[in-house]
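Residue numbers (our numbering), protein chains in the order written: chain R, 75 to 451; chain X, 375 to 699. Read the structure below first, then the notes.
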């Protein structure tokens, strides 16, 4: 076993060795050099990364609270995965396309999309419908791994359109988790992307659990090793290091847009919260494990870095916290004011060209509803 | 102008017309390129349109459909070939959970103008998984449209109409009829895609069929005519949505309806047709709606498939039973 790789767990407890991965910022907030990857941010850019991490975490916490208060049906929290999402999301260029799971709220935010957009899905007022081509961000996909094939097909379309091979080339990023790597669709996507040299990046957030099942129930090898079997490069990055996540994703996307084909990034991170608000992680993992990861928190380390470098002081951090708080209040108000859909809209958009059978059902149901009018029911 | 073509060649020519008309039309599937498909339906297309538009895919059906979804989001119009009916199930999740639901999920912002071609049905002496009739699975799924052609003219036009439609369409091809010849009017389509057709008029009983069973129903009608019984044959063509108006009109006149398909009768299309006919034509019916179909067994071994498949005699037997009420 190579130095630093994670050992398979044989009991319920977990040792926490540092795995071999690309890291540019230590948990203590110290900048470290890497032979292949680097970032060249201005002070302002470093600060804006911090801003995004904090806002994304705060909005996520607000959504969790909204669920607890019965205002959302469910919420899939990204707590702990902010660096993986903000780092990779900020690495996308305007022309790039993202295919998310249902947890990529941080990537969505970095695409400049109004964070209210996916809340309709979790409140249950719609199915999370938006135009992927307008936002360069596909709809959330709930079936595990299905979107990786969509991403691959889209990337094949980029090649067909002749939009690879230059700085203006387009690339695709497909998000998925450690559990998804067991799905047939993900493995088929690896094959397709490889065979057709698709301009894309497979971005796996390995948050260590697929609901309750730990990583060793999905794999006997480090996930990023999988790529070599499919014929493209794979690497592991410290998923709690926003700088490293940015650097490796930027490079992989640029390689893809220049025609060098797909690659796999395993962002090694940890889901600090529950799988969703319906989950109870205390049934399958122990507090000491969570505490060990707490020490590697993505926001804490960037804050330490900014402080050590003299890029920001307490008043700056306070201002960001206040901005995040206001954004969360605003999000809450907008969620609470989301109207329930008209019942008749359930018949809409089933088919682009409509269906006479469905029109008939709709008409009959409208009559049925109308029969209650004035009856007090 | 009319040409005499087999169903297979009519499909091939229809695909060619669609590809000439719209450069966004792609063909994807296993062996569709150099080989021209195991049934040669895509014969010569890769040679003329290139391997960028006629794509030999890796051997994984979910991958074919899932990548086609992405290509459709990108603006392409993929025509996917599933090699045999029994091999569509690995793609079932992508079809039911993604293809069927994307337009609804997106509140109409994303259309997936895909066609999924499936050679279906038995009668070719094949091994297991090569003779199935999975239409009810797809017709049951909101968001999909399902059609089946029964003759060369419909094959030629319905494949083009399906490709032009923005709806995702499951296109079922009667594989055992691929080699049957007929006239194709290449100037204009006789019907819109989702309309049924009265293929043979008759006043005594209505036999409703689609795909490979239309020929069987027509043969049964010819045999019945020799005995003085006039059977009206309706070719549904569209299985979802169903075009019921011609069916109701016919049954109101004849008072008797028999539905024929290769698929098992239990919860097959015939069940839905029987329910709808009963609801709409209750006072015109002289007998219950009867169903002729496969038995509720897995598709059997080739040497006994003729016993499983509805044939002329079983159709006539059902018509006789209808007159027994």
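All residues carry an ideal CB built from backbone N, CA and C; glycine is no exception. This one's a predicted model, so the numbers in the text were calculated from it and none came from an experiment.
DSSP places residue 527/X in the helix class (H, G or I) of the three-state scheme. Beta-bridge pairing by DSSP links residue 274/R to 246/R. If you check the CB distance, residue 275/R and residue 341/R do not come in under 8 Å.
When DSSP states are grouped into helix, strand and coil, residue 283/R belongs to the strand group. From the beta-carbon of residue 200/R, the residues of chain X found nearer than 7 Å are 481. Contact between residue 489/X and residue 453/X holds: their C-beta atoms lie close to 5 Å from each other, under 8 Å.
In the three-state reduction of the DSSP assignment, residue 380/R falls in the helix class. With fewer than 16 other Cβ atoms from the protein chains shown falling within 10 Å of its own Cβ, residue 109/R counts as exposed. Residue 186/R counts as exposed, since fewer than 16 other beta carbons sit within 10 angstroms of its beta carbon. Pairing residue 477/X with residue 437/X gives a Cβ-Cβ distance that is not under 8 Å.
Within the region 102 to 180 of chain R, the beta strand (DSSP E) runs of at least 3 residues that lie entirely inside it are, in chain order, 171 to 173. Not a single C-beta of chain R is nearer than 8 Å to the C-beta of residue 392/X. Burial check for residue 375/X: the Cβ neighbour count within 10 Å stays below 16, so the residue is exposed. When DSSP states are grouped into helix, strand and coil, residue 589/X belongs to the helix group.
Assignment of beta-bridge partners to residue 290/R by DSSP yields no partner. Just measuring C-alpha positions, the residue of 207/R, 158/R, 176/R sitting nearest residue 168/R is 207/R. Only residues of its own chain outside the window of five on either side were considered, and among them 398, 400 have a CB closer than 6 Å to the CB of residue 450/X, listed in chain order. Between residue 426/X and chain R, the shortest Cβ-Cβ separation is below 8 Å. Contact between residue 413/X and residue 511/X does not hold, since their C-beta atoms are separated by about 22 Å, which reaches or exceeds 8 Å. For residue 179/R, not one C-beta of chain X is nearer than 8 Å to its own C-beta. DSSP places residue 574/X inside the beta strand (DSSP E), whose first and last residues are 571 to 574. Scanning 601/X, 585/X, 492/X for the CA closest to the CA of residue 608/X turns up 585/X. Listed by position along chain R, the residues whose Cβ is nearer than 8 Å to that of residue 450/X are 231, 234. With respect to the 8 Å criterion, residue 612/X and residue 568/X are classified as neighbours on the basis of their beta carbons. Linking residue 458/X to residue 271/R through their CA atoms gives a straight-line distance of about 28 Å. Around the beta carbon of residue 657/X, a 10 Å sphere encloses fewer than 16 other beta carbons of the protein chains shown; the residue is thus reported as exposed. Of all alpha-carbon atoms in 426/X, 407/X, 587/X, the one lying nearest the alpha-carbon of residue 417/X is that of 407/X. A straight line joining the alpha-carbon of residue 139/R with that of residue 154/R spans about 17 Å.
Rounded to whole angstroms, the gap between the alpha carbons of residue 193/R and residue 641/X is 39 Å. Under the three-state reduction of DSSP, residue 435/R is assigned to helix.
Look at residue 612/X: its C-beta is not under 8 Å from any C-beta on chain R. At a C-beta separation below 8 Å, residue 621/X has no neighbours in chain R, since its nearest C-beta there lies roughly 13 Å away. Interface criterion met: the Cβ of residue 213/R is under 8 Å from a Cβ in chain X. Counting every other CB atom within 10 Å of its CB across the protein chains shown gives residue 455/X a total of 16 or more, marking it as buried.
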